[in-house]
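Peer 1: From first to last, the protein sequence lines are chains A and B.
Sequential numbering of the first sequence, starting at 1, is according to our numbering.
Sequential numbering of the second sequence, starting at 1, is according to our numbering.
Glycine included, C-beta positions come from ideal geometry on N, C-alpha and C.
Owing to the predicted nature of the structure, the values given are computational and were not obtained by experimental measurement.
Pasting in a structure now, in structure tokens, and then I'll have a few things to ask.
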Amino acid sequence: MAKEKRKVPGLNATSTADISFILLIFFLVTTSMDTDTGLARRLPPPPEDENSEAEIDVKERNVLNVKVNSLGQIMVNGDMLDISLLCDRAKEFVKNENNDPNLPEKHAKNIPLLGMCAVTDKHVISVQTDRGTSYNVYFQIQNELVRAYNELRDELSKAKFGKLYANLTEEQQEAIRGYYPQKISEAEPKNYGGDK
Amino acid sequence: MSRFNKKGSREMPEMNTSSLPDLIFTILFFFMIVTTMREVTLKVKFTVPAGTELEKLEKKSAVSFVYVGPPIDQLRATMGSGTRIQLNDKFAEPAEIMDFVARERSTMSDQTAQTISLKVDQKTKMGIVTDIKQVLRKSWALKINYSATRRN
Numbered sequence: 001m002a003k004e005k006r007k008v009p010g011l012n013a014t015s016t017a018d019i020s021f022i023l024l025i026f027f028l029v030t031t032s033m034d035t036d037t038g039l040a041r042r043l044p045p046p047p048e049d050e051n052s053e054a055e056i057d058v059k060e061r062n063v064l065n066v067k068v069n070s071l072g073q074i075m076v077n078g079d080m081l082d083i084s085l086l087c088d089r090a091k092e093f094v095k096n097e098n099n100d101p102n103l104p105e106k107h108a109k110n111i112p113l114l115g116m117c118a119v120t121d122k123h124v125i126s127v128q129t130d131r132g133t134s135y136n137v138y139f140q141i142q143n144e145l146v147r148a149y150n151e152l153r154d155e156l157s158k159a160k161f162g163k164l165y166a167n168l169t170e171e172q173q174e175a176i177r178g179y180y181p182q183k184i185s186e187a188e189p190k191n192y193g194g195d196k
Numbered sequence: 001m002s003r004f005n006k007k008g009s010r011e012m013p014e015m016n017t018s019s020l021p022d023l024i025f026t027i028l029f030f031f032m033i034v035t036t037m038r039e040v041t042l043k044v045k046f047t048v049p050a051g052t053e054l055e056k057l058e059k060k061s062a063v064s065f066v067y068v069g070p071p072i073d074q075l076r077a078t079m080g081s082g083t084r085i086q087l088n089d090k091f092a093e094p095a096e097i098m099d100f101v102a103r104e105r106s107t108m109s110d111q112t113a114q115t116i117s118l119k120v121d122q123k124t125k126m127g128i129v130t131d132i133k134q135v136l137r138k139s140w141a142l143k144i145n146y147s148a149t150r151r152n
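Put into structure tokens, the structure is as follows:
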């Protein structure tokens, strides 16, 4: 073993600082990157007259009354219902396939791209909560109702255009929206579940 | 064996790293532009509900946040554990939301696009949420967004 000058290649350490920078930035970014998602909603404009909340006369068959009490129990048009069934119930209501006299009335409407169709554009889904209802239950109901609309729109766009609603052009989406307008109204909360 | 063991002049070729700082600066700037900093310190605790039909919140510059939930643990002694509303950096009453909305709106370039994102704790009672919604209606901030996380 002759001890000659054995050259040890020096490790180039100039870039370690930069590497640590990358790590630093990476962690900075991942901790504060929260993409905000949520359910978008539009509130009705404020009533013109303080005292008279505009009571628009709607026929009984056109309304789907969703009531929630402070225990989170759901009642739809008088029947107790589990939340998992709410979506189907709402779909059946909005669609009214067989022109059932108990479901919303159909009107002939001329929609661009779709032509004359019978639509249930007078329907209203009314959600009424108790002041003691938990926000989570309310949110899940809203979610189910939006899901009902989304599924109906997807079904229609598949049948008419062969694509999902999200992949349609702007005009096509507008037509579908004209066929299935989203009508979820929010009534003032009542205190019928008792004070909690 | 000796074939692989050449002990000739084996020196690592130097890598040119002079452009590395520039590269990293580029990445840094990219993230600086892309990220939106949370400019409020949260004083309420909330876990938003989970849903399936969510949409992305667009136009971040036109969004104002309303936080609703119980105070964080450090403030529980002074504020109690009831549900509270937080606007920007301080606690507020439902009636103050009107001012808040007007102030936020005046700083926005596209005032019609103003959106209120409601970050509400799951366990909140609907009473307070409805109060907030009524105030928002009165102040003509009609586009709202129930903040939520995705669930499968």
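Quick one: what's got a C-beta closer than 7 Å to Leu75 (chain B)'s C-beta in the same chain, skipping five residues either side?
Peer 2: Start at 1 with the first residue of the second sequence, and residue 75 (chain B) comes out as number 75. Cβ neighbours of Leu75 (chain B) beyond the five flanking positions: Lys43.
Peer 1: Return yes when the Cβ of Leu43 (chain A) is within less than 9 Å of the Cβ of Glu186 (chain A), no when it is not.
Peer 2: Position 186 of the first sequence, counted from the start, is the residue given in the question as residue 186 (chain A). Position 43 of the first sequence, counted from the start, is the residue given in the question as residue 43 (chain A). Yes, Cβ-Cβ distance for Glu186 (chain A) and Leu43 (chain A) is below 9 Å.
Peer 1: Tell me the rounded alpha-carbon separation between Val129 (chain B) and Glu144 (chain A).
Peer 2: Working through the second sequence from its first residue, we reach residue 129 (chain B) at position 129. Working through the first sequence from its first residue, we reach residue 144 (chain A) at position 144. Each residue's alpha carbon lies about 19 Å from the other.
Peer 1: Measure the C-alpha to C-alpha separation of Lys56 (chain B) and Glu14 (chain B) and round it to an integer number of angstroms.
Peer 2: By 1-based counting over the second sequence, the position of residue 56 (chain B) is 56. By 1-based counting over the second sequence, the position of residue 14 (chain B) is 14. Straight-line Cα distance between these residues: approximately 48 Å.
Peer 1: Grab me the residues of Lys67 (chain A)'s own chain with a C-beta within less than 6 Å of its C-beta, minus the 5 sequence neighbours each way, in chain order.
Peer 2: The residue labelled residue 67 (chain A) in the question sits at position 67 within the first sequence. Cβ neighbours of Lys67 (chain A) beyond the five flanking positions: Met75, Gln128.
Peer 1: Of the residues B:Val63, B:Ala92, B:Lys119, which one's Cα is nearest the Cα of Ser106 (chain B)?
Peer 2: As a first step, residue 106 (chain B) must be located in the second sequence, where it is residue number 106. Answer by Cα proximity: B:Val63.
Peer 1: Within 10 angstroms of the Cβ of Phe26 (chain A), are there 16 or more other Cβ atoms? Answer buried if so, exposed if not.
Peer 2: As a working note, residue 26 (chain A) is residue 26 in the first sequence. Exposed, since its Cβ has fewer than 16 Cβ neighbours within 10 Å.
Peer 1: Determine the burial state of Val40 (chain B): buried for a count of at least 16 other Cβ atoms within 10 Å of its Cβ, exposed for fewer.
Peer 2: In the second sequence, counting from the first residue as 1, residue 40 (chain B) sits at position 40. Val40 (chain B) comes out exposed.
Peer 1: With distances taken from CA atoms, which of B:Thr47, B:Asp22, B:Met12 is nearest Thr124 (chain B)?
Peer 2: Taking the second sequence and counting its residues from 1, the one referred to as residue 124 (chain B) is at position 124. If we check each option's Cα against that of Thr124 (chain B), B:Thr47 comes out closest.
Peer 1: Quick check on DSSP: helix, strand or coil for Gln173 (chain A)?
Peer 2: Your numbering for residue 173 (chain A) matches position 173 in the first sequence. Reduced to three states, the DSSP call for Gln173 (chain A) is helix.
Peer 1: Do the CB positions of Glu151 (chain A) and Cys87 (chain A) come within less than 9 Å of each other?
Peer 2: The count along the first sequence starts at 1 and reaches residue 151 (chain A) at position 151. The count along the first sequence starts at 1 and reaches residue 87 (chain A) at position 87. Yes.
Peer 1: Would you give the residue range spanned by the beta strand (DSSP E) that Gln86 (chain B) belongs to?
Peer 2: Here residue 86 (chain B) is taken as the residue at index 86 of the second sequence, counted from 1. Here the beta strand (DSSP E) through Gln86 (chain B) covers 84-87.
Peer 1: Do the segment 86-103 of chain B and the segment 101-114 of chain A meet, that is, are 3 or more Cβ pairs less than 8 Å apart?
Peer 2: Judged by Cβ distances under 8 Å, the segment 86-103 of chain B makes no contact with the segment 101-114 of chain A, as fewer than three pairs qualify.
Peer 1: Name the chain A residues whose beta carbon is nearer than 9 Å to that of Thr124 (chain B)?
Peer 2: One-based indexing of the second sequence puts residue 124 (chain B) at position 124. By Cβ distance, chain A contributes Ser134, Tyr135, Asn136.
Peer 1: Counting C-beta neighbours from all protein chains within 10 Å, is the total for Asp22 (chain B) 16 or more, i.e. buried, or is it exposed?
Peer 2: As a first step, residue 22 (chain B) is located in the second sequence; it is residue number 22 there, counting from the start. Per the 10 Å Cβ criterion, exposed.
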